[in-house]
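Just below is one structure, and these are the notes that go with it.
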Amino acid sequence: MAKIKKSILQRLQLNHAYGQLVALIFIPIAIIAAVGSTLVIQETSSSARSQQRNTATAILYRYQRTAELLAYTLEKDPTSVAKVQHILTRMQSETDLQRASIASNIGKTIVSIGYQAQREWPQIQSHSRFVGPIHIHHNTVYAIKLKPETTTPAWLVIELDNKPVELAHYRVLMVLMATVFITLLLLMMCLNFYTRRWIAPLYEIRMQLQRLNADNLDQPVEINSSGELRLLQKDIANVLKRLHHSFLELRDHTEQTEDDLRRTLDTLEVQNITYRQARDQAISANQSKSVFLANISHELRTPLNSIDGFIHLMLRQNNLNTEQNLYIQTIRKSSAHLLALINDVLDFSKIDAGKLELETAPFELEGAMFDAMDMLSPLAAQKNINIAFYFAYDLPQQVIGDVLRFKQILTNLISNAIKFTPEGEIIVRARMEHDDIGACSIHFSVQDSGIGVHGNDRKKLFESFSQGDASVTRQFGGTGLGLAISKQLVQLMHGQIGFEDNQERAPTEKGSTFWFSAKFLVDETQEPLQFNYSHVHAVSFLSHPASANVLRHYLENYQVQHTEAVSLLDLFSRLNNLESSEHTWVIVDHGSDTRALLKEIRSRYQGNLAVYGYQMSVDPNMLSEFRAKSLYQPLSRNALLQLLSNQIDFENEQLQSFDGQGLHVLAVDDHLPNLIVLEALLGELNVKMTKALSGQDAITLVQQQLEQKQKPFDLIFMDIQMPVMSGIDTTRAIRSLESTFDNIRFPIIALTAHALADEKQKLLAVGMDDYVSKPIQIEQLIQILTQWSKQQFENQKNLPLNTNKTPTAEIDPEILDWQLSLKLAANKEDLALDLLKMLVESFKTELHEMQQLIELEDFPQLEHVLHRLYGATRYVGTPKLQQVTGEFEQFVSLLRKEQRRADDAFIKNVLNRFDDLTLVISRTKEAAQSRLIP
19 MAKIKKSILQ
29 RLQLNHAYGQ
39 LVALIFIPIA
49 IIAAVGSTLV
59 IQETSSSARS
69 QQRNTATAIL
79 YRYQRTAELL
89 AYTLEKDPTS
99 VAKVQHILTR
109 MQSETDLQRA
119 SIASNIGKTI
129 VSIGYQAQRE
139 WPQIQSHSRF
149 VGPIHIHHNT
159 VYAIKLKPET
169 TTPAWLVIEL
179 DNKPVELAHY
189 RVLMVLMATV
199 FITLLLLMMC
209 LNFYTRRWIA
219 PLYEIRMQLQ
229 RLNADNLDQP
239 VEINSSGELR
249 LLQKDIANVL
259 KRLHHSFLEL
269 RDHTEQTEDD
279 LRRTLDTLEV
289 QNITYRQARD
299 QAISANQSKS
309 VFLANISHEL
319 RTPLNSIDGF
329 IHLMLRQNNL
339 NTEQNLYIQT
349 IRKSSAHLLA
359 LINDVLDFSK
369 IDAGKLELET
379 APFELEGAMF
389 DAMDMLSPLA
399 AQKNINIAFY
409 FAYDLPQQVI
419 GDVLRFKQIL
429 TNLISNAIKF
439 TPEGEIIVRA
449 RMEHDDIGAC
459 SIHFSVQDSG
469 IGVHGNDRKK
479 LFESFSQGDA
489 SVTRQFGGTG
499 LGLAISKQLV
509 QLMHGQIGFE
519 DNQERAPTEK
529 GSTFWFSAKF
539 LVDETQEPLQ
549 FNYSHVHAVS
559 FLSHPASANV
569 LRHYLENYQV
579 QHTEAVSLLD
589 LFSRLNNLES
599 SEHTWVIVDH
609 GSDTRALLKE
619 IRSRYQGNLA
629 VYGYQMSVDP
639 NMLSEFRAKS
649 LYQPLSRNAL
659 LQLLSNQIDF
669 ENEQLQSFDG
679 QGLHVLAVDD
689 HLPNLIVLEA
699 LLGELNVKMT
709 KALSGQDAIT
719 LVQQQLEQKQ
729 KPFDLIFMDI
739 QMPVMSGIDT
749 TRAIRSLEST
759 FDNIRFPIIA
769 LTAHALADEK
779 QKLLAVGMDD
789 YVSKPIQIEQ
799 LIQILTQWSK
809 QQFENQKNLP
819 LNTNKTPTAE
829 IDPEILDWQL
839 SLKLAANKED
849 LALDLLKMLV
859 ESFKTELHEM
869 QQLIELEDFP
879 QLEHVLHRLY
889 GATRYVGTPK
899 LQQVTGEFEQ
909 FVSLLRKEQR
919 RADDAFIKNV
929 LNRFDDLTLV
939 ISRTKEAAQS
949 RLIP
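In terms of my numbering, the sequence shown opens at residue 19 and continues consecutively.
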């Protein structure tokens with residue numbers, strides 16, 4: 019608002035003294051003049067109308083009696099109109115009278131005299147005796163009703179001229195204009211005097227001040243005004259003199275300061291050179307560290323891939339004895355521990371470089387937490403530590419986030435709790451912290467009863483390479499990176515992480531509580547699961563209070579009739595009166611003498627029985643002997659639901675059957691043990707594999723296969739780091755080789771031991787289709803083969819195509835010209851259909867690759883993909899697609915030919931052309947479906 023007012027003042031120039039003076043004088047006078055003129059004009063107009071009305075009244079009353087006699091005469095003798103008209107002619111001597119008339123009550127004129135006497139009179143119908151004024155033809159009409167001496171009532175009507183009234187109005191306007199002119203003249207004279215007396219000297223003072231600078235402060239100021247302004251000019255001159263002296267002193271001081279600063283800058287320059295050299299050395303060292311991490315990642319993960327693969331193959335053998343199985347399990351745990359250490363170091367390097375990015379995908383929150391705890395439960399069981407897990411009832415079943423990083427945080431906190439807790443318990447809790455539309459913030463805590471954290475060590479908890487006990491004789495191992503990595507991951511999840519000492523909350527408690535919060539996206543459409551087990555009766559006795567509390571909460575949420583025994587004697591007494599039915603359950607925990615406990619229970623109760631304890635502590639033979647089921651610690655709601663529903667729990671659920679019969683895979687790796695492991699794993703899936711120990715061998719195999727027109731490989735597993743020719747160079751060579759053969763594309767999956775940030779994006783940008791990090795698991799192989807060989811399986815199941823479904827005339831020839839397709843295929847319809855089918859099947863992959871390349875701004879590779887698609891369109895009758903693809907390719911090639919960078923306009927044009935290409939591809943696909951309908 020202030021800016022608008024300022025703009026108005028500047029436009030009207032009211033911010034100057036002269037403008038303000040004019041506004042303060044002219045605006046009030048203009049308002050007074052306007053109001054006064056309006057009042058004067060209204061009063062004079064009212065006076066003129068009143069005077070006219072009085073004149074009309076006098077004339078009407080003067081001739082009223084004569085008009086009555088004449089009206090009576092006309093009624094008696096209608097032929098005396100001329101005589102009556104002659105008598106009325108005397109009224110024309112009245113001032114301003116235009117015409118007069120005697121009219122009947124119904125508006126009919128009986129006799130009329132005057133100017134334009136035959137002109138129509140207004141119809142008069144009124145109960146008043148006097149009527150007027152009535153405006154007609156710029157004049158005014160008045161009328162008086164004659165006395166009823168005649169049979170028909172009559173009126174005497176006169177019309178007066180309005181010109182006298184208008185002349186009086188104009189005379190008043192002229193007088194007002196003369197008054198305004200004289201007033202303005204006097205005001206201008208006053209303004210002229212005021213300007214010369216005050217405003218002109220002020221303007222001179224302002225101009226003198228504008229001409230001042232540091233060099234002419236000592237020049238004298240001319241004084242031409244008088245009065246107060248003269249005194250003001252003298253004061254300004256004195257101030258300028260003082261400023262001049264101060265400026266001279268300041269200039270001397272500035273020169274001295276500049277000399278001191280120049281000497282200081284010379285010293286700093288020498289130091290900067292030293293610092294620059296140190297910085298260059300630090301950058302070089304950091305680059306060396308990154309290269310070292312990449313190399314050590316590959317060198318460590320490559321043998322680990324072989325170790326893990328062979329361990330997996332050995333464990334799948336059924337001829338191992340117990341001792342051999344124990345040895346292999348020990349090797350597998352050591353390998354997993356070593357891999358975890360490598361991952362910690364590499365994750366720290368990613369976080370340190372700011373290149374760690376989280377992935378988002380839906381996952382089951384409770385299942386992810388239970389997986390992390392179930393993986394660490396054997397460690398807790400070895401130390402006889404009880405673990406309890408409470409999952410709040412109002413938490414969502416599924417959230418959207420990075421499940422691997424979430425598990426990594428939780429695993430770090432729980433493993434630290436187990437490591438630093440010699441005995442006691444660990445309680446993991448999850449509760450809602452903040453619920454919003456489409457997102458939620460969840461609070462997680464891990465409470466232990468361990469040794470706690472000393473005051474001096476709390477400040478270093480979340481620092482890198484720091485531990486509570488860093489001495490040589492320390493009891494606990496580790497890299498000291500777990501909490502530092504967890505802190506960075508929590509920050510990436512828009513949460514916080516912290517530590518609480520349990521003794522600060524309750525003096526009798528031991529240990530500590532580590533907590534963190536994380537923000538997840540939530541699908542609002544998912545409905546919460548509701549379970550009603552009111553028909554189930556459960557009797558429980560768990561010696562661990564936290565586990566008993568969790569079980570009680572879960573059973574209450576499921577509306578189970580729950581009875582909790584306070585001791586074994588209480589449990590036995592309740593069992594004597596407990597009926598055995600299929601909806602009755604007795605839940606007890608695993609103790610020191612579980613066999614005796616179960617024997618005693620079975621002597622009193624024969625119904626459903628469950629034993630709560632760690633999986634590695636509960637003897638399956640003993641459970642089978644006493645017809646009891648297992649409920650593993652920590653307690654899971656899914657396991658509890660399966661128990662209450664009497665469902666069979668398949669602990670060792672096998673992977674879904676996958677039959678890769680007919681698939682032929684090429685594996686490229688310079689490390690032979692890795693190829694042997696991969697071949698063994700693929701052999702279990704009935705997949706044929708061809709080995710290549712270098713990139714050149716892989717290119718030779720692919721080229722021979724294409725030249726001999728053999729069935730191409732269904733998939734290529736490509737190692738990244740290889741001597742002579744890397745996996746990236748090999749992939750580019752294969753993609754280039756594909757462009758020479760139409761409608762041929764190999765799915766290439768990167769098998770890399772690298773784990774640095776942006777690795778996946780870089781590999782996809784060079785033409786690879788997917789990314790798998792070593793060591794490789796068989797589940798990953800099944801997923802990759804299912805995803806990237808699915809199209810081949812579908813092609814084998816396709817029936818012969820019927821091309822007579824849709825007439826050619828119904829298809830736009832610009833989109834799909836079938837006659838041109840037949841011509842390009844040498845009039846072989848089957849060949850034309852195959853070419854069309856291969857083109858349509860490549861659309862999804864081509865569009866996905868082009869979209870990624872545009873996002874990465876890799877326009878040389880985009881040109882290559884467009885050239886490949888354009889080459890495919892030359893053998894199929896798709897004129898519009900061929901035109902759009904060719905123009906798109908030529909436009910992108912301009913960047914390479916002109917050797918310039920891609921600006922915003924170029925990228926915007928690329929996006930527009932990509933949208934047009936997507937639309938044409940969609941229309942081509944729709945048209946092709948009519949030909950490819952089986």
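Here a beta-carbon is modelled for each residue, glycine too, at the ideal position from N, C-alpha and C.
Being a predicted model, the structure only gives us computed values, none of them experimental.
Range covered by the alpha helix (DSSP H) that runs through residue i
{"i": "L969", "result": "No statement about residue 969 is possible, as the shown extent of the chain runs from 19 to 952 and does not include it."}
{"i": "S754", "result": "745-757"}
{"i": "D588", "result": "586-594"}
{"i": "R224", "result": "218-228"}
{"i": "R189", "result": "181-212"}
Beta-bridge pairing of residue i - partner residues as DSSP gives them
{"i": "A406", "result": "I445"}
{"i": "N157", "result": "I154"}
{"i": "E977", "result": "In the structure as shown, the chain starts at 19 and stops at 952, and residue 977 therefore has no counterpart that could be examined."}
{"i": "Y630", "result": "D607, L649"}
{"i": "S119", "result": "S130, V175"}
Residue environment, residue i, which counts as buried when at least 16 other CB atoms sit within 10 Å
{"i": "L283", "result": "exposed"}
{"i": "H512", "result": "exposed"}
{"i": "T942", "result": "buried"}
{"i": "N626", "result": "buried"}
{"i": "L249", "result": "exposed"}
{"i": "I49", "result": "exposed"}
{"i": "C458", "result": "buried"}
{"i": "N930", "result": "exposed"}
The ligand NAP heavy atom lying under 6 Å from the CB of residue i
{"i": "S467", "result": "No copy of the ligand NAP occurs in the structure displayed, which carries no ligand at all."}
Reference residue i; option with closest CA among the options
{"i": "L247", "options": "W216, H263, L235, H271", "result": "W216"}
{"i": "L507", "options": "L428, L573, Q577", "result": "L428"}
{"i": "T749", "options": "G54, H555, I734", "result": "I734"}
{"i": "V902", "options": "M109, R914, V928", "result": "V928"}
{"i": "D876", "options": "D453, E93, L202, G785", "result": "G785"}
{"i": "F155", "options": "K181, A524, M225, I925", "result": "Rather than Phe, the amino acid found at residue 155 in this sequence is His. The residue with the shortest Cα to Cα distance from H155 is K181."}
{"i": "G413", "options": "L539, S467, D519, A502", "result": "First, the amino acid is wrong: residue 413 is Leu here, not Gly. Residue L539 is the option with its Cα nearest to L413."}
{"i": "S948", "options": "N664, A300, D835, F438", "result": "D835"}
{"i": "S598", "options": "V584, Q577, Q624", "result": "Q624"}
{"i": "F676", "options": "Q103, Q805, A51", "result": "Q805"}
Spatial neighbours of residue i in its chain, beta-carbon cut-off 8 Å, leaving aside the 5 residues before and after
{"i": "A614", "result": "none"}
{"i": "R214", "result": "none"}
{"i": "F388", "result": "F407, P652, S654, N656"}
{"i": "Q60", "result": "none"}
{"i": "L560", "result": "A566, L569, I605, V606, D607, Y630"}
{"i": "E756", "result": "I762, R763, F764, R886"}
{"i": "R71", "result": "G150, P151, Y160"}
{"i": "E832", "result": "P897, K898"}
Sequence-distant residues of the same chain with beta carbon closer than 6 Å to residue i, five excluded per side
{"i": "Y133", "result": "Q116, R117"}
{"i": "F438", "result": "G468, I469"}
N-terminal and C-terminal residue of the beta strand (DSSP E) that residue i is part of
{"i": "I682", "result": "For clarity, residue 682 is His in the given sequence; the question names Ile instead. Where H682 is concerned, the enclosing beta strand (DSSP E) stretches over 682-686."}
{"i": "L519", "result": "For clarity, residue 519 is Asp in the given sequence; the question names Leu instead. Looking at the DSSP string, the run of the beta strand (DSSP E) that includes D519 is 515-519."}
{"i": "M736", "result": "733-737"}
{"i": "M707", "result": "706-710"}
{"i": "D466", "result": "457-466"}
{"i": "A768", "result": "766-770"}
Same chain, Cβ closer than 7 Å to residue i, neighbours up to 5 away in sequence not counted
{"i": "L693", "result": "A685, D687, K709"}
{"i": "T491", "result": "Low per-residue confidence applies at T491: pLDDT is 34, beneath 50, and the placement is therefore not dependable, though the value from the model is reported in the following sentence. Excluding positions up to five away in sequence, the list is empty."}
{"i": "R423", "result": "L376, L507"}
{"i": "H608", "result": "V629, Y630, G631, S635, V636"}
{"i": "D179", "result": "D114, Q116, N157"}
{"i": "L935", "result": "V902, T903, F906"}
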